[in-house]
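Protein chains in written order, with my numbering: chain A, 1 to 416; chain B, 417 to 562.
We put the CB at the ideal spot given by N, CA and C, even for glycine.
Down below is the structure, laid out as structure tokens.
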Amino acid sequence: MTFDADATPVALCLRMPASADWGFPSPLEDVSGQIAIAGVGEADHTKASGRTPRQIAAQAVERALADAGLQPEDVDGIMYTPFDGQQLTADDYRAHFGTTHDMWVSTQGGGMVWAGSAPHEAALAIRAGKARAIVNVFSVAWATQRAEMMGGPGEVHAAELFKQNLEVPFGWFPQPVYFATIARRHMHEYGTTPEQLGAIAVACRRHANLTPAAVMRDKPLTLAQYLASPPLCDPFRKEDCCLISDGGGAYVMTSVERARDLRKPVVEVAGVGVGNSRTGAYWSQQGDFTSTPQVFAAPGAFRMAGLTPADVDVLACYDPFTIVSLMQIEDIGFCAKGEGGPFVEGTTLHFDGGRLPYNTHGGMLSHAYVLGIAHVVEIVRQLRGEGAAQVPGARVGIYGGYTGPQASTLILRRAA
Amino acid sequence: MKFRDDFPLPDTDWPPTAEFWAGAARKQLVLPRCDACRRFVWYPDGACRFCGRTQLTWTAVSGRGRLFSWSVVHRAFIPQLADAVPYVTGLVAIDEDPAVRVVTRIVDAAPAELRVDMPVRVLFRPLEFAGVSRTVDAPVFTPVSE
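Laid out in structure tokens, this is it:
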């Protein structure tokens with residue numbers, strides 16, 4: 001076969017898995033400064049509680065409404081995820097509050113990546129007059145359900161047939177094993193150390209110790225304790241991995257104009273970005289094994305907001321494992337790729353004087369495993385000055401959402 | 417969610433990966449390759465992701481590769497692995513195309529000897545699980561000297 005360079009289709013060349021081609025951003029309309037998060041609420045975060053996800057969600061919504069000073073009928077839009085069939089729907093909302101009003105509905109809400117991207121769709125709906133106030137809500141009862149399942153959140157992966165037939169038979173399962181493998185590769189490529197991963201776990205635990213609602217409020221963790229902890233799936237220890245808990249959260253969005261008439265200081269949505277990985281949830285095949293789709297999500301969010309990482313006062317990232325925090329800190333742009341390890345050492349991530357206060361409620365490692373919805377609640381509280389581990393004078397905060405296939409960047413700003 | 421009684425053994429009849437397991441039964445590592453652009457397509461979840469064509473042929477590879485990364489699993493996350501822990505599972509980048517990473521077990525090596533990117537070669541061993549009477553031969557890997 002002869003090779004004729006001129007005959008090589010350009011499109012073929014572009015589709016080659018060059019290192020920068022493993023993912024792409026979603027195109028999003030500019031919604032900067034149009035809506036605000038006017039009310040936030042968390043359900044009780046607990047170990048196995050016997051509650052259903054809908055009961056948990058309803059409690060979170062009640063608290064978000066009270067925080068905003070809104071009545072149940074004032075909220076005429078609801079966002080949730082259909083993924084487990086157990087979330088609070090519009091019918092559940094009306095039944096719980098005893099109303100009959102019409103509600104705009106989106107199933108592109110909930111936790112994980114959607115806790116960060118939901119405000120974009122909500123802004124479009126509010127702008128188009130489809131709703132005046134929209135609640136995004138998410139809850140889990142995985143601590144309660146754990147005994148009935150394949151080990152809780154692993155089930156969705158075990159049920160996926162490529163994973164079931166090419167990964168699970170080799171014991172490459174569930175998520176702690178995926179991310180331990182990613183962590184080892186990150187250590188190889190960049191020299192990341194257990195002490196650096198431990199610094200993330202310790203900062204999160206310290207914040208949880210200061211946060212009344214955190215599951216791990218009464219359990220301190222030192223770096224020495226972290227390092228002495230036995231391997232779970234090496235290089236991970238138990239403390240590299242998130243909790244399993246029952247809980248949930250909710251936040252209410254409305255126009256900035258209307259938010260100014262409500263109870264709380266106005267926290268506006270300044271920018272939103274969404275990034276995608278071409279290999280979806282097949283972590284084993286992701287072109288850049290030690291990155292997250294934040295590299296595709298964050299630039300658009302900063303552009304929309306007219307801000308840079310240097311403007312950020314407080315960060316909260318979806319943190320199923322320490323390494324996912326580290327990668328997102330790099331991929332959002334707070335340090336160069338590969339320098340996350342040295343960056344997080346010491347007290348960088350601590351609320352009181354750290355260079356990048358991080359997961360100031362404790363995150364999923366130490367606050368609650370409610371898949372990011374409580375992270376957004378925490379960022380709003382920080383920007384209002386209501387945090388339990390309050391960052392002094394915080395005005396710009398970010399939530400980094402993650403699922404594997406996607407990442408989202410939500411930039412919030414306290415309005416002037 | 418109800419899983420098959422022999423979970424976590426693979427379903428060797430599931431069409432998208434049946435050839436992989438049939439190859440393992442013959443002690444061959446076979447992977448799907450695009451007839452048009454000759455690239456390996458892993459996982460085979462549709463058309464060739466490089467050129468969009470749909471004709472793939474399962475092709476025997478050398479069974480040589482590099483240890484891309486791994487975890488030493490100490491906790492049995494599912495009860496069927498209770499007798500297996502601690503075990504080493506990870507990814508091998510095959511020599512024919514290092515972008516293709518095969519999920520596997522690493523055997524016949526102490527975890528402390530393992531190094532990222534070290535050369536490995538395929539072996540075939542039965543997958544055995546607590547409470548599952550059947551076994552299935554599978555491609556696993558072991559280190560080789562440079």
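Proximity to G340/A [Cα-Cα], best of A388/A, V312/A, T290/A and A297/A: T290/A
Under 8 Å by beta carbon: chain A residues contacting W458/B: Q285
Around the C-beta of Q71/A, are 16 or more other C-beta atoms found within 10 angstroms, so that it is buried, or is it exposed? exposed
Do you know how far the Cα of A183/A is from the Cα of T428/B? 31 Å
Give a yes or no on contact between the region 355 to 370 of chain A and the region 241 to 260 of chain A, applying the rule of three or more CB pairs nearer than 8 Å. yes
Any C-beta of chain B sitting closer than 8 Å to the C-beta of W104/A? no
Does the Cβ of G69/A lie closer than 7 Å to at least one heavy atom of the ligand FMN? Because no ligand of any kind appears in the structure shown, any question about the ligand FMN cannot be addressed here.
Rounded straight-line distance, which links the Cα of R54/A to that of D319/A: 24 Å
Under 9 Å between beta-carbons, which chain A residues line up against T558/B? List them in chain order, please. By Cβ distance, chain A contributes nothing, its closest Cβ being about 14 Å from T558/B, past 9 Å.
Close beta carbons around G547/B, own chain, < 8 Å, minus the five adjacent residues each side: P495 and Q496
Using only CA atoms, which one of L371/A, A301/A, L349/A and K163/A lies nearest to V314/A? L349/A
Chain B residues whose Cβ lies nearer than 8 Å to that of F173/A: P424, F493 and I494
For L356/A versus I200/A, is the C-beta distance shorter than 8 Å? no
In terms of residue numbering, what span does the alpha helix (DSSP H) encompassing Q145/A cover? W142 to Q145
What three-state label does DSSP hand N165/A in the structure shown? helix
Determine the contact status of W430/B and L447/B, defining contact as a CB-CB distance below 8 Å. no
For P293/A, count neighbouring Cβ atoms within 10 angstroms of its own Cβ and tell me buried if that reaches 16, exposed if not. buried
Beta-carbon proximity check, P309/A vs G275/A, cutoff 8 Å: no
Nearest-angstrom beta carbon gap, G462/B and V538/B [assumed within contact, 8 Å]: Not a contact, Cβ separation roughly 26 Å.
Counting only beta-carbon separations shorter than 8 Å, does T505/B have a partner in chain A? yes
Report the option in L166/A, G33/A, E257/A and P176/A whose CA atom is closest to the CA atom of F423/B. L166/A
My output table needs one value for M149/A: the three-state DSSP class, helix, strand or coil. Note that M149/A scores 49 on pLDDT, short of 50, meaning its location in the model is unreliable and no value can be drawn from it.
Spell out whether any CB of chain B is found under 8 Å from the CB atom of T181/A. yes
Measure from the alpha carbon of T46/A to the alpha carbon of each residue in P119/A, P212/A, M112/A and G69/A, then state which is nearest. P212/A
Mapping the DSSP letters down to three states, classify F83/A as helix, strand or coil. coil
Compare the C-beta of S487/B with all C-beta atoms of chain A and state if any pair is closer than 8 Å. yes
Consider the Cβ of D378/B: report whether some Cβ of chain A lies at a distance smaller than 8 Å. No statement about residue 378/B is possible, as the shown extent of chain B runs from 417 to 562 and does not include it.
So if I threshold CB-CB distances at 8 Å, which residues from the region 529 to 542 of chain B count as touching chain A? V532 and D533
Going by the CB atoms, is the gap between E330/A and A36/A shorter than 8 Å? no
I believe V272/A touches P119/A by the beta-carbon criterion, under 8 Å. Please report the beta-carbon distance rounded to the nearest angstrom. 6 Å
Could you check what DSSP says for E268/A in three-state terms: helix, strand or coil? strand
Please classify P220/A: is it buried, with 16 or more other beta-carbons within 10 angstroms of its beta-carbon, or exposed? exposed
With H, G and I counted as helix, E and B as strand and the rest as coil, what does DSSP make of G397/A? strand
Quick one, are the C-beta atoms of W486/B and I522/B less than 8 Å apart? yes
Output yes if chain B places a C-beta closer than 8 Å to the C-beta of E381/A; else output no. Strictly speaking, residue 381/A in this sequence is Arg, with Glu absent from that position. Answer no: the Cβ-Cβ gap between R381/A and chain B never drops below 8 Å.
Between the alpha carbons of C467/B and C453/B, how many angstroms are there, rounded? 7 Å
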